[in-house]
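Under the UniProt record's numbering, the sequence shown has 165 at position 165, and the numbering climbs by one with no breaks.
The beta carbon of each residue, even a glycine, is placed where N, CA and C say it ideally should be.
Beneath this line is the structure, given in structure tokens, with notes to follow.
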Amino acid sequence: QGPNLKAILEPLGDGIFNTDGESWKSQRETIHSLINTTKFHHLMLKTLHDKLQNGLIPILHNSSSKLHNNLQELMKRLTFDTICSLVTGFDPKYLSIELPSLPYADAFDVIEQVILYRHCVPATVWKFQRWVGIGDERKMREAQECFDGFLEERIRVKKKESFEKKEMETVVDDDFLTMIFSGEAGIDQGKLTDGFLRDVVFNLLVAGRDTIAAALSWFFWLVAKNPNVEEKILKELAQVMGKDTSFPTTDELNKMVYLHGAMCETLRLYPSVPYEHKQSIEPDVLPSGHAINGNTRILLSIYSMGRMEEIWGSDCTDFKPERWISTSSTDEKKMVVNHVPAYKFAAFMAGPRTCLGRKIAFVQMKVVASCVLRRFKIEVVDGHPVVPEPSILMFMKYGLKVRVSNRA
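Here is the structure:
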């Protein structure tokens with residue numbers, strides 16, 4: 001990552017997105033071991049089903065109010081509740097009919113906005129503003145204080161709950177913090193300082209909220225603009241799930257090949273993280289043949305890579321889920337998702353820092369997409385401008401204003 005990026009991403013502390021070496025390796029191994037357990041997978045599905053059944057579906061059913069028509073805002077609320085529940089065991093209920101305003105959720109947005117600002121101005125400028133306490137850096141300080149207060153409270157409560165349940169030998173929860181306090185994570189309990197826990201939790205919330213919300217927003221927009229794709233998705237959902245109106249099982253999700261292709265195509269055109277920032281440790285030669293010095297900042301445009309004709313062909317700007325699908329080599333009637341190298345499809349990055357939550361992200365996106373599309377017809381409001389927002393994450397600048405109607 002390098003010292004320059006570490007300074008820009010200072011709110012992330014020493015979490016997995018903002019550290020290198022042994023600290024990064026240790027956190028990655030711990031997170032990988034916990035999120036790939038069967039019980040964490042079950043908790044994720046249970047949490048998501050609850051948020052859909054008691055949050056998103058009722059809101060869409062009552063979407064006559066203009067407040068309910070910004071689908072991007074609903075996706076952000078859904079994923080914030082989901083990731084908070086999975087990591088801390090606490091449901092903020094940010095996604096509800098009332099669409100409440102939560103100061104710590106708003107603070108989260110401010111932190112992301114100021115991080116982009118830090119990327120765009122000389123370090124001397126934002127560091128001076130931080131020192132004096134003016135401009136965007138004043139907003140950052142206030143937002144950090146607010147969000148850190150939320151994190152500290154959640155950690156304190158969960159630590160107390162875990163200790164009491166351990167003393168009483170009662171069944172513990174399956175959320176991430178509980179697994180850490182119970183010793184299941186294999187972390188030396190002496191290392192579980194409030195600062196360490198704060199950084200780990202903050203980074204997990206960043207990973208699990210906006211990336212999925214952004215991807216789902218662009219997916220629904222692309223599907224609404226491509227009725228032929230929508231028709232094929234609905235046909236596949238009917239074949240896989242029949243008339244079952246419950247949520248898809250893991251086996252059914254694995255059979256949603258065309259939907260998976262549509263998700264990949266969405267992320268190719270609109271990657272949740274549109275660019276990556278790296279820094280060389282010492283002089284090196286890039287695969288392109290360009291020689292670079294040590295301490296060189298390198299910006300990778302994942303967004304541009306997904307739209308390069310030499311990589312994806314002459315139809316690179318088309319929304320075409322079929323490019324991700326082929327016939328099985330063992331069964332001509334069966335369709336499978338093509339393997340595409342991570343260095344070509346870099347929405348989840350590649351190499352040692354490949355996203356740990358890739359599989360989890362696809363599961364969540366497919367559950368939400370199948371749930372919404374089977375129940376509702378989504379139409380973008382005429383004349384509503386849909387353009388990317390300048391941000392470290394690929395959101396829509398003006399949200400996604402839609403009309404929602406129940407399917408027959």
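Run of the beta strand (DSSP E) containing residue i, from where it starts to where it stops
i, result
"HIS277", "275-279"
"LYS327", "Note on residue identity: the sequence assigns Thr, not Lys, to residue 327. That run of the beta strand (DSSP E) goes 325-327."
"PHE376", "376-380"
"SER301", "297-301"
Endpoints, the alpha helix (DSSP H) within which residue i is located
i, result
"PHE202", "194-208"
"VAL87", "71-88"
"ASN406", "Note, ASN406: premise wrong, no alpha helix (DSSP H); beta strand (DSSP E) at 402-406."
"THR30", "21-35"
"PHE128", "123-132"
"PHE348", "Where PHE348 is concerned, there is no enclosing alpha helix (DSSP H), given that its DSSP letter is neither H nor E."
"LEU48", "38-51"
"VAL110", "103-120"
"VAL340", "Looking at the DSSP string, VAL340 is not in any alpha helix (DSSP H), and its letter there is neither H nor E."
"LYS235", "227-241"
"ARG268", "257-269"
"ILE180", "176-181"
"THR249", "First-last for THR249: undefined, no H or E at that position."
"GLU310", "309-312"
"ASN4", "3-8"
"PRO388", "Where PRO388 is concerned, there is no enclosing alpha helix (DSSP H), given that its DSSP letter is neither H nor E."
"HIS61", "57-61"
Residue environment, residue i, which counts as buried when at least 16 other CB atoms sit within 10 Å
i, result
"HIS32", "exposed"
"ASP175", "buried"
"SER321", "Looking at the sequence itself, residue 321 is Pro, so the reference to Ser does not match. Answer is buried; the Cβ neighbour count reaches 16."
"MET75", "buried"
"TRP218", "buried"
"residue 425", "Past the edges of the chain, shown from 1 to 408, lies residue 425, and the structure says nothing about it."
"LYS366", "buried"
"SER304", "exposed"
"PRO3", "exposed"
"VAL340", "exposed"
"ALA143", "buried"
"ALA213", "buried"
"ILE8", "buried"
"ARG358", "exposed"
"CYS84", "buried"
"GLY208", "buried"
"TRP126", "buried"
"ILE180", "buried"
"SER162", "buried"
Distance between beta carbons of residue j and residue i, contact taken as under 8 Å
i, j, result
"TYR275", "LEU300", "6 Å"
"LEU373", "LEU286", "Not confirmed; about 42 Å, so no contact."
"LEU78", "ASN203", "Incorrect: roughly 20 Å between the Cβ atoms, too far for contact."
"PHE362", "MET241", "Their Cβ separation, rounded to whole angstroms, is 17 Å, which puts PHE362 and MET241 out of contact at 8 Å."
"GLY313", "LEU269", "In fact, because the Cβ distance is near 14 Å, the residues do not count as touching under 8 Å."
"SER280", "ILE298", "7 Å"
"MET178", "GLY89", "The question names Met, yet the displayed sequence has Thr at residue 178. Confirmed, about 6 Å."
"THR30", "ILE187", "6 Å"
Close-in-space but distant-in-sequence residues of the same chain around residue i (CB under 6 Å, 5 per side omitted)
i, result
"TYR398", "PRO385"
"SER370", "LEU237 and PRO248"
"LEU52", "CYS371"
"residue 484", "Not covered by the structure: residue 484. The range shown for the chain is 1 to 408."
"SER391", "LEU116"
"GLU230", "VAL223"
"ALA350", "ALA342 and TYR343"
"LYS6", "ASN18"
"THR27", "The amino acid occupying residue 27 in the given sequence is Gln; Thr does not appear at that position. Contacts found: ILE16."
Beta-carbon contacts of residue i that lie in its chain and below 7 Å, excluding the five residues immediately before and after
i, result
"PHE147", "TYR104, ALA107, PHE108 and ILE111"
"LEU222", "THR266 and PHE319"
"LYS255", "VAL240"
"LEU67", "Per-residue confidence for LEU67 stands at a pLDDT of 46, beneath the threshold of 50, marking its modelled position as unreliable; no derived number is given."
"SER63", "ASN69 and VAL404"
"LEU151", "ARG198, VAL201 and PHE202"
"THR317", "ARG307"
"HIS49", "PHE247"
Cβ-Cβ distance between residue i and residue j below 8 Å
i, j, result
"ARG141", "GLY149", "no"
"residue 455", "ILE378", "Because residue 455 is not part of the residues shown, which for the chain are 1 to 408, the question remains open."
"PHE17", "VAL206", "yes"
"TYR94", "LEU102", "yes"
"LEU400", "ASN54", "no"
"ILE325", "GLY383", "no"
"SER272", "LEU393", "yes"
"CYS355", "PHE348", "yes"
"residue 417", "ILE97", "Since the displayed the chain opens at 1 and closes at 408, residue 417 lies outside it and no answer follows."
"residue 458", "VAL114", "A question about residue 458 goes unanswered here, because the residues of the chain that appear run from 1 up to 408."
"VAL381", "VAL402", "yes"
"THR37", "THR82", "no"
"ILE360", "ILE155", "no"
Close-in-space but distant-in-sequence residues of the same chain around residue i (CB under 8 Å, 5 per side omitted)
i, result
"ASN406", "HIS61, ARG375, PHE376 and LYS377"
"ARG138", "GLN129"
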